[in-house]
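Reviewing the structure listed below.
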Amino acid sequence: MSIDHRQVQSALDIMGPGTHVDLSQERTGLLRYARSRVTAQHSEERLRVRVRLTEGGRTALGTLETLEPTEVKALCDRLRSALALLPAHSDEPDASPRSASGTDPVAPKVAAATLDAGPADRHAWFSAVRDGLAGTAQLGGSIRHDVIHRVVADHSGLYREETLTKASLQAVAERDGRSSSVRLVHRDAARIDPTDVARRLLDDLTDLPERTPVRGTFRVLLRPQAVVTLLATYGYVALGAAGYAEGRTAVAGRMGSRVTSDLLTITDDGTDPAGLASGFDPEGTPRRLTRLVDNGVLTGVVSDLRRADVTGGSSTGHAVPAGWRFGADPSPSHLLLAGGENTEEELAAVCGTGLVISRLDYLRILHPKDTLVTGTTRDATYWIHDGEPVAWQPSVRLTFRMDEVLDTVLAVSSRRERGEAVFMESVVAPALLVDAGPISL
Numbered sequence: 006m007s008i009d010h011r012q013v014q015s016a017l018d019i020m021g022p023g024t025h026v027d028l029s030q031e032r033t034g035l036l037r038y039a040r041s042r043v044t045a046q047h048s049e050e051r052l053r054v055r056v057r058l059t060e061g062g063r064t065a066l067g068t069l070e071t072l073e074p075t076e077v078k079a080l081c082d083r084l085r086s087a088l089a090l091l092p093a094h095s096d097e098p099d100a101s102p103r104s105a106s107g108t109d110p111v112a113p114k115v116a117a118a119t120l121d122a123g124p125a126d127r128h129a130w131f132s133a134v135r136d137g138l139a140g141t142a143q144l145g146g147s148i149r150h151d152v153i154h155r156v157v158a159d160h161s162g163l164y165r166e167e168t169l170t171k172a173s174l175q176a177v178a179e180r181d182g183r184s185s186s187v188r189l190v191h192r193d194a195a196r197i198d199p200t201d202v203a204r205r206l207l208d209d210l211t212d213l214p215e216r217t218p219v220r221g222t223f224r225v226l227l228r229p230q231a232v233v234t235l236l237a238t239y240g241y242v243a244l245g246a247a248g249y250a251e252g253r254t255a256v257a258g259r260m261g262s263r264v265t266s267d268l269l270t271i272t273d274d275g276t277d278p279a280g281l282a283s284g285f286d287p288e289g290t291p292r293r294l295t296r297l298v299d300n301g302v303l304t305g306v307v308s309d310l311r312r313a314d315v316t317g318g319s320s321t322g323h324a325v326p327a328g329w330r331f332g333a334d335p336s337p338s339h340l341l342l343a344g345g346e347n348t349e350e351e352l353a354a355v356c357g358t359g360l361v362i363s364r365l366d367y368l369r370i371l372h373p374k375d376t377l378v379t380g381t382t383r384d385a386t387y388w389i390h391d392g393e394p395v396a397w398q399p400s401v402r403l404t405f406r407m408d409e410v411l412d413t414v415l416a417v418s419s420r421r422e423r424g425e426a427v428f429m430e431s432v433v434a435p436a437l438l439v440d441a442g443p444i445s446l
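Here our numbering is used: the first residue of the sequence shown is 6, the next is one more, and so on.
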């Protein structure tokens, strides 16, 4: 599976000067299951072409699912008609990813991963988890394999390409109205082992009484997948260069100041194999290791070409796709939160009495500048006393400020897990023990 270089060049020739294309040819295989039975098998392959045409400081965007010349020409005509209706802006920044010296920065090479997986492999993973549960719990979730060939090119000669693979397994076990979950994701399908998933699911379905409703503040142990969701959402609302420059984020104007607990160090690195590595952003700019928070102190934000002035004149490689549904601001793509020195069991012991949150179902942003969000817990939410589980907690809605949670971290686990978000390629995070206050019932 690949994108034909000649077809890309033909499309650029048809569109003419000022054309920038971001292409993705995707092959997806998906297996879904519920109540321990396969409910769907799905495979598809599609080409997605995002086109940006800039002329006289004016820009128009369009999309295609083919590189057939007549379709490209028809889109070109529509975009040029749209441009004719727009006022010219001579101060619009150049969209070329070339540096001031006129040379292209070198994109890092991402190690190739294999994904020799088909329907039989997905069913084998499902069977391994289902059989491991031995009928003691109902199994739901999905298994997905993706192969993505990416090309970013423009009319002035830029041409970057890479092939990325991704394998993921989501398993949710349910028994007596309670649930636990495991999420595994990797570039290399061979690195995912489904044989231990059932044991992990059952360990989190310990037979405990249900706690009666309580109100108040408690220490909270956020397990890695809960931190993945928290960190992804925080990075999205707080660590982009546009919001920083315009004073729209909680960290605006605070470069060099403490913004989180000094136990936290956060980087964005698209080349780190701990995450789901990729080499360049939708503008064709190489991903650059960006240090964001160093022992609690804000040391950087992520940028694209338009906001390169915020990061020393060079983009950090964090542009978002043209017409992205989450906005146009540069955004983190590969967040990594450094691990600590404690096991999760040691974090539980330090917690003493408190709430363990294994997963946050979602976080909806209420007020970006205040990092105020609301969301619900899901799967294996329980209370501990003297570090030991004592009662189940039904799912609850929580409303809190993410910056306050990250400022009251008492301890960090050494083990980290990899995860994703719909607006981020990968997040790698450990468990966090948070002091009482920011999260309350």
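Glycine included, every Cβ here is placed at the ideal spot set by N, Cα and C.
According to DSSP, simplified to helix, strand and coil, what is residue i?
i: P278; result: coil
i: A100; result: Note that A100 has pLDDT 46, beneath the 50 cutoff, so the model's placement of it is unreliable and the number below is only indicative. DSSP places A100 in coil when its eight states are reduced to three.
i: S86; result: helix
i: R37; result: strand
i: D212; result: coil
i: E73; result: coil
i: L411; result: helix
i: T316; result: helix
i: K78; result: helix
i: R205; result: helix
i: R196; result: helix
i: F405; result: strand
i: K374; result: coil
i: I444; result: coil
i: Q398; result: coil
i: D330; result: Reading the sequence as shown, one finds Arg at residue 330 and not Asp. Three-state DSSP puts R330 in coil, outside helix and strand.
i: L310; result: coil
i: T222; result: strand
i: S106; result: At S106 the pLDDT is 34, less than 50, meaning the model places this residue with poor confidence; the figure from the coordinates comes in the next sentence. Three-state result, S106: coil.
i: D366; result: strand
i: V264; result: coil
i: A257; result: coil
Measuring alpha carbon to alpha carbon, tell me which of the options ends up nearest residue i.
i: A122; options: S48, G280, V177; result: S48
i: T234; options: H128, E166, D366, L281; result: D366
i: K78; options: T44, Q30, G21; result: G21
i: D334; options: L17, A247, P326; result: A247
i: E179; options: L438, Y38, G23, A441; result: Y38
i: S41; options: L144, L91, S266; result: L144
i: A243; options: L207, G305, L206; result: G305
i: T276; options: V232, T321, L269; result: T321
i: R63; options: R135, T270, L88; result: L88
i: R55; options: M407, V401, E288, A434; result: E288
i: D286; options: D440, A158, L91, T44; result: A158
i: P278; options: V43, E422, G442; result: E422
i: T254; options: P74, D193, L303; result: L303
i: R11; options: S266, L189, P74; result: P74
i: D408; options: Y241, A426, T170; result: Y241
i: H372; options: P399, L360, T386, F405; result: F405
i: Q46; options: L66, V432, I197, H150; result: H150
i: L36; options: A194, P435, D198, A125; result: A125
i: S266; options: T376, V417, A129; result: V417
i: A385; options: G162, L213, V355, V414; result: L213
May I ask which residues mark the beginning and end of the alpha helix (DSSP H) holding residue i?
i: W130; result: 124-138
i: V242; result: 229-243
i: I19; result: 10-20
i: G248; result: 246-250
i: A353; result: 349-356
From what residue to what residue does the beta strand (DSSP E) around residue i run?
i: D151; result: 143-159
i: S359; result: The sequence given here places Gly at residue 359; Ser does not occur at that position. Segment 359-362, the beta strand (DSSP E) holding G359.
i: W388; result: 387-390
i: R55; result: 42-60
i: E447; result: Residue 447 lies beyond the residue range present for the chain, which begins at 6 and ends at 446; the question has no answer from this structure.
i: G270; result: Rather than Gly, the amino acid found at residue 270 in this sequence is Thr. Where T270 is concerned, there is no enclosing beta strand (DSSP E), given that its DSSP letter is neither H nor E.
i: D4; result: Outside the modelled stretch of the chain, which goes from 6 to 446, sits residue 4, for which no answer is possible.
i: T170; result: 164-180
i: H339; result: 339-342
Assuming the contact rule is C-beta atoms closer than 8 Å, residue i and residue j should be a hit. Round their C-beta distance to whole Å, please.
i: G221; j: R263; result: No, G221 and R263 are not in contact; Cβ-Cβ is about 28 Å, not under 8 Å.
i: W329; j: R216; result: Not quite, the Cβ-Cβ distance comes to about 42 Å (not below 8 Å), so this is no contact.
i: G344; j: R224; result: Not quite, the Cβ-Cβ distance comes to about 20 Å (not below 8 Å), so this is no contact.
i: T71; j: L52; result: 7 Å
i: R192; j: T170; result: 6 Å
i: T295; j: D273; result: 5 Å
For residue i, verify whether its CB is less than 7 Å away from any heavy atom of the ligand FMN.
i: S7; result: Ligands in the displayed structure: none, and consequently the ligand FMN is not present.
**Message:** Using 8 Å as the cut-off, can you tell me whether the stretch 312-325 makes contact with the stretch 343-350, which would need three or more C-beta pairs spanning the two stretches below that distance?
**Reply:** They do not touch, by the three-pair rule.
**Item:** Any 3 or more C-beta pairs closer than 8 Å across the stretch 254-261 and the stretch 387-404
**Value:** Verdict: no, contact absent.
**Message:** Counting beta carbon pairs with one atom in the stretch 25-41 and one in the stretch 154-169, are three or more of them shorter than 8 Å?
**Reply:** Counting Cβ pairs under 8 Å, three or more are found: they touch.
**Message:** Taking contact to mean 3 or more Cβ pairs, one atom from each stretch, closer than 8 Å, check whether the stretch 74-91 and the stretch 177-192 are in contact.
**Reply:** Touching, no, given that fewer than three Cβ pairs across the two stretches are closer than 8 Å.
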